[in-house]
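Here's the structure, in structure tokens; my notes come after.
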Amino acid sequence: MEQLIYAKDLNFTYPDKTDVKINGEISVKKSQRVVVLGANGSGKTTLLKSLVGITKPNKGKLKVFDLTPSKEFSQFRYKVGVVFQNAEEQIIAPTVYDDIALMPRGAGLKESEIAEKVNWVLEELQLTHLVHKVPHYLSGGEKKKVVLAGALVMNPKLLILDEPFTGLDPKSKESLLKIINYFNKKYNTAIITTTHDVETVFAISDEVYIVSDGEVIARGNPKEIFAQSEVLNKAKLLQPQLHQLFSILIKRQLPLKHPQNANDGAEQIYQLYTQLVKQNKISS
Ligand SMILES: Nc1ncnc2c1ncn2[C@@H]1O[C@H](COP(=O)(O)OP(=O)(O)OP(=O)(O)O)[C@@H](O)[C@H]1O
Numbered sequence: 001m002e003q004l005i006y007a008k009d010l011n012f013t014y015p016d017k018t019d020v021k022i023n024g025e026i027s028v029k030k031s032q033r034v035v036v037l038g039a040n041g042s043g044k045t046t047l048l049k050s051l052v053g054i055t056k057p058n059k060g061k062l063k064v065f066d067l068t069p070s071k072e073f074s075q076f077r078y079k080v081g082v083v084f085q086n087a088e089e090q091i092i093a094p095t096v097y098d099d100i101a102l103m104p105r106g107a108g109l110k111e112s113e114i115a116e117k118v119n120w121v122l123e124e125l126q127l128t129h130l131v132h133k134v135p136h137y138l139s140g141g142e143k144k145k146v147v148l149a150g151a152l153v154m155n156p157k158l159l160i161l162d163e164p165f166t167g168l169d170p171k172s173k174e175s176l177l178k179i180i181n182y183f184n185k186k187y188n189t190a191i192i193t194t195t196h197d198v199e200t201v202f203a204i205s206d207e208v209y210i211v212s213d214g215e216v217i218a219r220g221n222p223k224e225i226f227a228q229s230e231v232l233n234k235a236k237l238l239q240p241q242l243h244q245l246f247s248i249l250i251k252r253q254l255p256l257k258h259p260q261n262a263n264d265g266a267e268q269i270y271q272l273y274t275q276l277v278k279q280n281k282i283s284s
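According to UniProt numbering, the residues represented by the sequence shown are 1 to 284, in order.
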């Protein structure tokens, strides 16, 4: 499958001599949803910035669309959408329309083509009602969506999201998750997300990497990753609550497996219950 990102044994040195290492391999393939999970300060933002050439590794291998971001970003800039951690800081234009139009305008498109793209993305994200608003006055959740619209306006092959759910209430989080997954399904947009919010990982990942102390210490699908409480502890992370519950039940010898999601978990418990009722081990 086509590889969009390949990173191996990266090392960065900031001007004040702070060293950030990410030893190991991280890759993102076409249409794949990848989450990089790590505690504060584990180098996630540094990694994402390097994908668009803002930070440059002084060691290791880094390719995005087979190109070197620090030298060749301009060759793939319209194939990538980025939402940084402080999304609000990305909003610079006086209206929502103008802000979302920044990329197509930068690409030198005609006004009619720009309008077509902006209207398309506003409709896809169901944000048409905000088009003439002053971004400054929008709610935090709306601002995030406007920045996401700006990142998606060129219908990129790769979407880069740095801690996208920070500061959002559960409904706004769910709505953002829906948009991200909708684009992934409909347009095969590959997505790399960094987060330390373990509860949202299942909803946005096919593959998860855990980064800790400068190393990629685990890689796998979310079900495999969240079954490993020791690995998560090592990375100073907790299992999602559902998995904490299943770890306790499994430790107490109940014949259960770490679930894919809440429905799967409930189904396993229900099956076990009906089996025990049938065997007259418990009453219904
Ligand atoms: N511009 C900079 N100059 C010096 N050090 C920096 C700079 N940016 C980041 N760092 C340091 O690099 C390390 C990794 O930071 P980074 O922001 O990449 O981690 P993170 O995993 O994204 O953290 P968080 O989850 O808190 O956002 C930290 O020790 C941080 O202090």
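The C-beta atom is built at its ideal place from N, Cα and C for all residues, glycine as well.
Note that the region 205-223 does not touch the region 161-175; fewer than 3 beta-carbon pairs, one per stretch, sit closer than 8 Å. If only complete runs of 4 or more residues are kept, the region 9-66 shows the alpha helix (DSSP H) at 44-51, in order along the chain.
Beta-bridge pairing by DSSP links residue 161 to 83, 193.
Here the distance from the Cβ of residue 163 to the nearest heavy atom of ligand 1 is below 7 Å. Under a 10 Å Cβ-count criterion, residue 55 is classified as buried, with 16 or more other Cβ atoms of the shown protein chains found around its own Cβ. Going by C-alpha positions, residue 260 is about 34 Å away from residue 11. When rounded, the separation of the alpha-carbon atoms in residue 174 and residue 139 is 16 Å.
A Cβ-Cβ separation of about 22 Å leaves residue 28 out of contact with residue 149 under the 8 Å criterion.
The three-state reading of DSSP puts residue 218 in strand, counting E and B together. For the pair residue 233 and residue 95, the Cα-to-Cα distance works out to about 45 Å. Look at residue 235 here: in three-state DSSP terms it is coil, with no helix or strand label.
Contact check between the region 121-141 and the region 169-187: three or more CB pairs, one atom from each, fall below 8 Å, which counts as touching. With 16 or more other Cβ atoms from the protein chains shown falling within 10 Å of its own Cβ, residue 211 counts as buried. At a threshold of 7 Å, residue 21 does not count as near ligand 1, since its beta carbon sits no closer than that to any of the ligand's heavy atoms. Where residue 182 is concerned, there is no enclosing beta strand (DSSP E), although the alpha helix (DSSP H) around it starts and stops at 170-187. About 3 Å separates the CB atoms of residue 21 and residue 214; that is less than 8 Å, so the two are in contact. Assignment of beta-bridge partners to residue 209 by DSSP yields 36, 219. Here DSSP, grouped into helix, strand and coil, assigns residue 4 to strand. With a beta-carbon spacing of about 14 Å, residue 84 and residue 53 fall beyond the 8 Å limit used to define contacts. According to the DSSP assignment, residue 144 belongs to the alpha helix (DSSP H) that extends over 140-152. The region 35-45 and the region 57-65 do not touch, with fewer than 3 CB-CB distances between them shorter than 8 Å.
Setting aside the 5 residues that flank it on each side, residue 75 is surrounded in the same chain by 67, each with a C-beta closer than 6 Å to its C-beta; the list follows chain order. The shortest CA-to-CA distance from residue 127 to any of 114, 145, 239 is the one to 145. Listed in chain order, the non-local C-beta contacts of residue 197 below 6 Å within the same chain comprise 165, local neighbours out to five positions each way being set aside. At a cut-off of 7 Å, the beta-carbon of residue 44 counts as near ligand 1: some heavy atom of the ligand is closer than that. Residue 49 has its alpha-carbon roughly 10 Å from the corresponding atom of residue 69.
In terms of Cβ geometry, residue 80 and residue 152 do not form a close pair [threshold 8 Å]. Around the beta carbon of residue 274, fewer than 16 other beta carbons sit within 10 angstroms, so the residue counts as exposed.
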